[in-house]
Every structure is written in C-alpha cells, then in structure tokens.
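In full-length UniProt numbering, the protein residues as written are 1 to 286.
Using N, Cα and C, we set each Cβ at its ideal position, and we do this for glycine too.
Below, the structure written as structure tokens:
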C-alpha cells in the first residue's frame with residue numbers, strides 16, 4: 001500500500017488525497033458526546049449525533065474524535081482563485097474506535113454495481129434517558145445541555161469514515177491520467193484479478209463504544225461527503241416543526257449555558273427518513 005497518492009483532475013475539479021496512515025486513538029468521551037444540529041430539535045425528528053467532527057468545531061473545541069484529515073474531508077470542497085478541490089482519504093488506516101464494515105472495488109473498467117450510501121445508526125429504546133447538546137437559540141452560537149426520556153424508540157446517528165487504499169503501481173502499468181476511475185462496489189474485498197493500481201474503497205464504521213448507554217454496533221454504512229461548519233444536516237420537510245406563521249425557526253426551551261435541569265420530551269416520530277434525499281439511516285447486522 002502506498003503512503004501518498006498524487007492529486008487527480010476530473011472534469012475540471014481536483015481531488016486531493018489526504019493520508020491517514022496510523023490508527024487514530026480511541027477517545028471514550030466521543031461515544032457519549034451527542035448533539036443535535038440547528039433545525040433538528042427534540043421534537044419532531046430527534047436525530048442526535050455522536051463521533052461527529054462538528055461537535056468539536058461548534059460545541060466543545062476540547063473534543064477531537066476523528067483525525068484532522070477526516071474532518072477536512074467531511075468539510076467538503078474548497079475553491080481558491082477559481083480552482084475547485086475536493087478531498088478524499090487515502091490511504092486509510094482504521095481509527096482505533098472503528099472497524100471496516102464495507103468495501104468497494106474501484107477500477108476504470110469495473111462493472112460492479114454501486115454501493116449504498118448511508119449513515120451509522122443504533123437504536124435507542126423506549127424509556128431511555130438521553131443527554132445531549134442542542135442549540136440554545138436560533139443559531140449554533142451557543143449550546144445548552146438537554147435531557148429527555150424517550151417516549152418511543154429513536155435512532156442514534158454516528159459519523160463513519162470513507163477512504164481508499166491503493167495497490168502499488170508497477171513500472172509497466174503506471175500511466176499518468178487526469179481522470180478519476182468510475183466508482184463501483186462489490187460485496188467482496190477480494191481483489192484477485194484486478195489490474196495493478198486498482199483502488200480498494202474502505203468504508204469504516206463506528207466501533208463498539210457505548211453511545212448514551214447503548215452500543216454503537218460495528219455494522220455501519222457509508223456517509224457521503226458534506227459540509228459541517230455552520231451547516232445543518234438536510235432533513236425532509238415532513239420531519240421539521242410545523243410553520244406557525246411567525247417566520248422564526250423553532251427552538252428548544254433551556255438556558256444558554258449547560259444545565260442538566262433542561263428537560264424535553266419528544267413526540268412520537270415516524271421511521272427515520274433520508275438524510276440527503278438519497279441515503280436512509282439504516283442499521284445492519286452481522
């Protein structure tokens with residue numbers, strides 16, 4: 001496996017590869033540091049997140065759950081002087097708190113079907129007491145600690161990591177290119193028969209740490225690249241609070257500082273809906 005990979009140009013956009021070559025140490029605090037994003041409150045659509053780089057960027061700068069390269073990847077593309085650059089992880093070594101749960105074989109001529117995009121989930125149960133950070137007002141300038149007792153089963157979300165490992169090129173097969181290969185997926189990680197230089201995409205999911213008193217399983221899915229700083233996770237309109245005509249965003253009750261006394265009880269919600277119009281939160285087994 002190579003330790004660096006050159007940038008690639010595809011349709012006018014550069015892909016810069018960010019290497020993660022050592023296992024990021026596990027931080028037990030990350031499994032219980034849950035928060036909800038602006039616009040995703042306790043009622044309805046209660047979707048708290050753990051293992052989220054945005055927690056360290058907005059709620060508490062003292063907490064770091066993923067390598068800085070993973071945070072840069074999740075923050076999305078940049079444009080400087082009219083040149084757009086997206087970031088991908090590669091090569092990738094699993095963080096200590098993670099385990100590889102899904103792989104894709106990516107080659108320029110592959111006919112494998114596309115993989116499924118998604119997020120990590122774990123089921124919270126009826127009656128479970130959950131403590132999490134939530135925006136204190138109509139923006140993410142400050143947060144308050146809230147505690148709720150679940151009235152129905154709800155999903156706990158977790159942020160997975162997606163990256164690539166590269167087969168070492170031989171002198172006879174190394175040819176310059178300005179095109180990214182077509183991304184495809186296989187249920188098998190066996191790369192026998194692939195030409196030299198094939199990419200092996202690694203989907204990494206949150207490991208066995210406890211998340212608010214429950215286990216985040218190892219069977220988790222991919223999460224598409226998205227911006228984190230100052231941007232909420234897209235939620236279907238059906239999951240957002242009803243418009244009361246005031247024109248103001250709904251907010252939680254609670255003080256602008258952390259206080260365990262703030263308590264909110266969510267109403268019953270429907271099954272978890274798609275996060276970005278494509279990916280439905282799902283929990284795997286195995």
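Close-in-space but distant-in-sequence residues of the same chain around residue 149 (CB under 6 Å, 5 per side omitted): Start at 1 with the first residue of the chain shown, and residue 149 comes out as number 149. Once the five neighbours on either side are set aside, the close Cβ partners of residue 149 are 129.
Out of 61, 120, 70, 36, which one is the CA nearest neighbour of residue 138? Here the question's residue 138 lines up with position 138 in the chain shown. With distances taken between Cα atoms, residue 138 lies closest to 36.
With H, G and I counted as helix, E and B as strand and the rest as coil, what does DSSP make of residue 8? Your numbering for residue 8 matches position 8 in the chain shown. Three-state result, residue 8: strand.
Option in 156, 167, 161, 104 with minimal Cα separation from residue 34: As a first step, residue 34 is located in the chain shown; it is residue number 34 there, counting from the start. Ranking the options by Cα distance to residue 34, first place goes to 156.
Determine whether the beta carbon atoms of residue 158 and residue 87 lie at a separation below 8 Å. Counting from one through the chain shown, the residue named residue 158 turns up at place 158. Counting from one through the chain shown, the residue named residue 87 turns up at place 87. No; because the gap between Cβ atoms is not below 8 Å, this pair is not in contact.
Residues bridged to residue 65 (per DSSP): Here the question's residue 65 lines up with position 65 in the chain shown. According to the DSSP secondary-structure assignment, residue 65 is paired through a beta bridge with no residue.
Per-residue DSSP class, three states only, for residue 152: Numbered from its first residue, the chain shown carries residue 152 at position 152. Coil.
Pick out whichever of 9, 19, 66 has its Cα sitting closest to the Cα of residue 25. Mapped onto the chain shown, residue 25 falls at position 25. Residue nearest to residue 25 within the set 9, 19, 66 is 66 (criterion: CA-CA distance).
Residues in the same chain with beta-carbon distance under 8 Å from residue 68, minus the five sequence neighbours each way, listed in chain order, please. Start at 1 with the first residue of the chain shown, and residue 68 comes out as number 68. The answer is none, since no qualifying residue turns up.
Starting from residue 56, follow the alpha helix (DSSP H) in both directions and report where the run begins and ends. Within the chain shown, numbered from 1, the residue matching residue 56 stands at position 56. Per DSSP, residue 56 belongs to the alpha helix (DSSP H) from 53 to 58.
Between residue 81 and chain E, is there a C-beta pair that is closer than 8 Å? Of the protein chains in this structure there is only one, and it is not chain E.
Looking only at its own chain, which residues have a Cβ that is under 7 Å from the Cβ of residue 77, when we skip the five neighbours before and after it? The residue labelled residue 77 in the question sits at position 77 within the chain shown. Residues of the same chain with a CB within less than 7 Å of the CB of residue 77, apart from the 5 flanking positions on each side, are 84, 85, 86 in chain order.
Candidates 46, 142, 133: closest to residue 151 by CA position: Mapped onto the chain shown, residue 151 falls at position 151. Comparing Cα positions, the closest option is 46.
Residue 98 to residue 125, Cα distance in whole Å? Position 98 of the chain shown holds residue 98. Position 125 of the chain shown holds residue 125. Near 23 Å, if we compare the C-alpha coordinates of residue 125 and residue 98.
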